[in-house]
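Residue numbers (our numbering), protein chains in the order written: chain A, 459 to 755; chain B, 995 to 1251.
C-beta: ideal position from N, C-alpha, C; glycine also.
Structure first, commentary second.
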C-alpha cells in the first residue's frame, strides 16, 4: 500500500484548471486482501449470529471454572411484571436492567413474545436451535481460522504487515496529532490519505493480534477435549466459565470494532472506500505542486 | 442536487442497504438451516474438529480439581426422574435387583450387581462437567474404569464402538436414551462407570444407579441410568442411526467441543 502504484492519473476526474488539488487513482488493496476481507466479514457475521444462538441455550455468564448459578456475572432472564406481562431482565453483576424487547423477552417472527436471551433477529438460525447454531458456528470458525491464517501468511509474504500495518516510530509520534485530526473530522490528503493512520493501525493490530487469538483460544478452551491440553490457559484466564465470558466480551469488542470501522468508512467517503475494497481502486486528493501542499481546502 | 439533500439521500440509501442486507442474510441463513444438504455441508466441520483436537490432545487426562472446588449442587439436566416401568421397578427395591450387562462383540458377556461393581478396582476423580448449553459444575465421581470391564469381557475382533443403553425415555415416545463412543474414548483412563457422586450413591437426578463418565466429552455424551454396555462394530443400527439420542436430534457425535 505504501508503494502505491499510480494506475492512471490521467483518467482521474477532470480537474478544473484553478483547483488546488488533483485526483489520482491508486491501487489501494490487492486482490487476495480484498477476497479475504469479505470472507472474513461473512465469517464474523455468521460467528456472531450462531454464537448468540449458542449463548441463548444458557443465557448467563460466570467467572471461574464452574457456574455459580445464583450469582452470574451477566444474565438475561424473564420475569412477570406487575401488569402480568413477561419482562426481560438483564443482570450485570449487582445491577438489573429492564431490557424487554431485546434481551430476556422479545418478539418472535410470528409476533409471539417469548423468553429468549438474544432476539430472533440477532441469532443464526432465528428460531431456537442449539444443534444448528453449533453446526454454523464450528463450520465458520474453521473457515475463519483458515482465512485468518492465509491472511497472516500473505501479509508476511507480501510485506503488507511490515510496510502498511506495523507501527513505526513516526506513527507513535503522530498519535496525538492523529487524535486531534479525528476529533476535528479532518481528512488527510496525498500520501497520508493512502496510508493507514496510527489510530487505524493500532485498531487493526489489536483486532488481528489480540482479539482474534483470544477468540480462538477462549473458544477452544470451552472444549472439554482440548482442555486436557489447554489446562494452563484455563488457569491463566481463571477457568472454563471465565473463558466463556471472555469469548463473549471479545465478540462484543469485534462488534464494536465493526461498527466504528463502518462509521469511519462512511465518514471517509463510503463510495470511494467501498470501491477500494471491491475493485481495489482508490481515489486520493493530491495538493497541486504549485500550491505548496496546503491541506485545508 | 443540494449537498445536504444528497447526503441525506445517501444516508437513507446506506441505511436501507445495511438493513436490507442484514435481513436477507438472516433470512438466507434460516432457509439454509432448513436445507438438509446444506446442514450436512456444515457438518463437515465435525470430523475435522475431532481429528485435529484428538491429534493435538492425544490421550491426555482431563483436569482434576481439589475437593474445595466441588460445586454445591451437581446441576441435573435432561432426564432427572425416569418413569419407565423397568426403571420404577428397580428404583422401588433400591436397585438391589439391578444388573449391569456387558454384551455384544465380547468373548464373555457379563452381568454385574452394584455390589459386584463396587468390589472391582475403583477410580475416583474430581472433574468438571461441561453441558452443551454452556454451563459447568464440578463433582467427585467414583467408579470402575470401563477399560477394566471391557478387559474382563474380552473384545472380539471387529469391535469398534461401545453403545450405552439407558433406562430413561427423554422424549416420552417409548424410545430409550442411548449413546455411543469409539474405543479411544471408551478406554481412556478417566472413562469410568460411576456408582458414586461426591461420596454417596449416584442420586436419581444424576443417573442412579450408574452414570458413565467420559471426561473429555460434553454432558450429553455421558449417559445416565445405564442398563447395558454393548460392544458393536457400528452404531448405525440403533435409534435413528446417528449414534445417540441427541445426535439423532442433530447434535454432533464427536461432542468434544
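Distance between residue j and residue i (C-alpha atoms, nearest Å)
| i | j | result |
| --- | --- | --- |
| residue 624/A | residue 712/A | 20 Å |
| residue 1009/B | residue 723/A | 14 Å |
| residue 704/A | residue 532/A | 12 Å |
| residue 614/A | residue 622/A | 11 Å |
| residue 1164/B | residue 1076/B | 8 Å |
| residue 1046/B | residue 1144/B | 27 Å |
| residue 679/A | residue 1130/B | 13 Å |
| residue 762/A | residue 609/A | No answer is possible for residue 762/A: it lies beyond the span of chain A, which begins at 459 and ends at 755. |
| residue 1162/B | residue 1025/B | 34 Å |
| residue 1179/B | residue 1044/B | 12 Å |
| residue 694/A | residue 646/A | 43 Å |
| residue 655/A | residue 636/A | 7 Å |
| residue 707/A | residue 1107/B | 49 Å |
| residue 602/A | residue 1140/B | 38 Å |
| residue 1042/B | residue 618/A | 31 Å |
| residue 1235/B | residue 562/A | 36 Å |
| residue 1216/B | residue 1099/B | 21 Å |
| residue 701/A | residue 674/A | 11 Å |
| residue 1137/B | residue 1222/B | 16 Å |
| residue 568/A | residue 1204/B | 44 Å |
| residue 434/A | residue 715/A | The displayed coordinates of chain A run from 459 to 755. Any statement about residue 434/A would go beyond what the structure contains. |
| residue 1214/B | residue 1240/B | 7 Å |
| residue 589/A | residue 1039/B | 13 Å |
| residue 494/A | residue 514/A | 30 Å |
| residue 709/A | residue 1226/B | 42 Å |
| residue 491/A | residue 1187/B | 52 Å |
| residue 549/A | residue 534/A | 6 Å |
Contacts that residue i makes with chain B (C-beta to C-beta distance below 9 Å)
| i | result |
| --- | --- |
| residue 404/A | Lying before the first or after the last residue shown, residue 404/A is absent from chain A, which here runs from 459 to 755. |
| residue 590/A | 1027, 1033, 1036 and 1244 |
Rounded Cβ spacing between residue i and residue j (contact assumed at less than 8 Å)
| i | j | result |
| --- | --- | --- |
| residue 593/A | residue 1037/B | 6 Å |
| residue 1209/B | residue 1056/B | 4 Å |
| residue 484/A | residue 652/A | 6 Å |
| residue 1170/B | residue 1228/B | No, residue 1170/B and residue 1228/B are not in contact; Cβ-Cβ is about 19 Å, not under 8 Å. |
| residue 1064/B | residue 1134/B | 6 Å |
| residue 1073/B | residue 1219/B | 7 Å |
| residue 557/A | residue 546/A | 5 Å |
| residue 1051/B | residue 692/A | Residue 1051/B to residue 692/A, Cβ: 13 Å. No contact. |
| residue 595/A | residue 539/A | 33 Å between Cβ atoms; not a contact. |
Chain B residues whose Cβ lies nearer than 8 Å to that of residue i
| i | result |
| --- | --- |
| residue 702/A | 1128 |
| residue 600/A | 1039, 1042 and 1043 |
| residue 569/A | Residues of chain B passing the Cβ test: none, with the nearest at roughly 17 Å. |
| residue 542/A | The contacting residues do not exist; residue 542/A stays about 29 Å from chain B at best. |
| residue 507/A | 1020 and 1023 |
Minimum Cβ-Cβ distance from residue i to chain C less than 8 Å
| i | result |
| --- | --- |
| residue 525/A | Among the protein chains in the structure shown, which are A and B, there is no chain C. |
Neighbouring residues, chain B, relative to residue i (Cβ below 7 Å)
| i | result |
| --- | --- |
| residue 724/A | 1008 |
| residue 658/A | Chain B residues near residue 658/A: none, gap ~21 Å exceeds 7 Å. |
| residue 503/A | 1019 |
Proximal chain A residues relative to residue i, where beta-carbon distance stays under 9 Å
| i | result |
| --- | --- |
| residue 1047/B | 678, 681, 683, 684 and 687 |
| residue 1251/B | 592, 596, 677, 678, 680, 681, 682, 683 and 684 |
| residue 1124/B | 680, 681, 682, 685 and 698 |
Within chain A, the residues that residue i reaches when beta carbons sit closer than 7 Å
| i | result |
| --- | --- |
| residue 1180/B | The contacting residues do not exist; residue 1180/B stays about 15 Å from chain A at best. |
Beta-carbon neighbours of residue i, restricted to chain A and to distances below 8 Å
| i | result |
| --- | --- |
| residue 1063/B | 523 and 524 |
| residue 1117/B | Near residue 1117/B there are no residues of chain A at all, since even the closest Cβ is about 16 Å away, more than 8 Å. |
| residue 1054/B | 686 and 687 |
| residue 1059/B | 523 |
| residue 1051/B | 683, 684, 686 and 687 |
message = If the cut-off is 9 Å on Cβ atoms, which residues from the stretch 660-684 of chain A count as contacting chain B, listed in chain order?
response = 677, 678, 680, 681, 682, 683 and 684
3-residue-minimum beta strand (DSSP E) runs that sit fully inside the stretch 1069-1110 of chain B, ordered along the chain = 1094-1098 and 1104-1106
task = Name, going along the chain, the residues of the stretch 1070-1089 of chain B whose beta-carbon falls closer than 9 Å to a beta-carbon of chain A.
result = none
message = Which residues of the stretch 1022-1036 of chain B have a Cβ closer than 7 Å to any Cβ of chain A? Give them in chain order.
response = 1023, 1024, 1027, 1033 and 1036
query = Along the stretch 1127-1143 of chain B, what residues have a CB closer than 9 Å to any CB found in chain A?
reply = 1127, 1128, 1129, 1130, 1131 and 1132
key: Ordered list of beta strand (DSSP E) runs contained in the stretch 527-564 of chain A, each at least 3 residues   = 532-538, 544-550 and 553-556
Residues from the stretch 509-523 of chain A in contact with chain B, defined by Cβ distance under 8 Å = 512, 513, 515, 516, 518, 520 and 523
Positions along the stretch 571-588 of chain A whose CB lies within less than 9 Å of some CB in chain B = 578, 579, 580, 581, 582, 583, 584, 585, 587 and 588
ask   = Relative to chain A, which residues along the stretch 1199-1232 of chain B have a C-beta separation below 8 Å, given in chain order?
value = 1209, 1210, 1211 and 1212
query = Can you list, in chain order, the residues of the stretch 547-564 of chain A whose Cβ is nearer than 7 Å to any Cβ on chain B?
reply = none
key: Residues in the stretch 610-630 of chain A having any Cβ partner in chain B nearer than 8 Å   = none
key: Completely contained beta strand (DSSP E) runs for the stretch 1131-1215 of chain B, where each covers 3 or more residues   = 1155-1160, 1172-1176, 1186-1191 and 1205-1207
query = Can you list the alpha helix (DSSP H) stretches of 4 or more residues lying completely in the stretch 650-674 of chain A, in chain order?
reply = 656-664
key: alpha helix (DSSP H) runs contained entirely in the stretch 571-626 of chain A, provided each spans 4 or more residues   = 588-615
request  = Run through the stretch 1001-1071 of chain B for me and flag every whole beta strand (DSSP E) of 3 or more residues, listed as ranges in chain order.
outcome  = none
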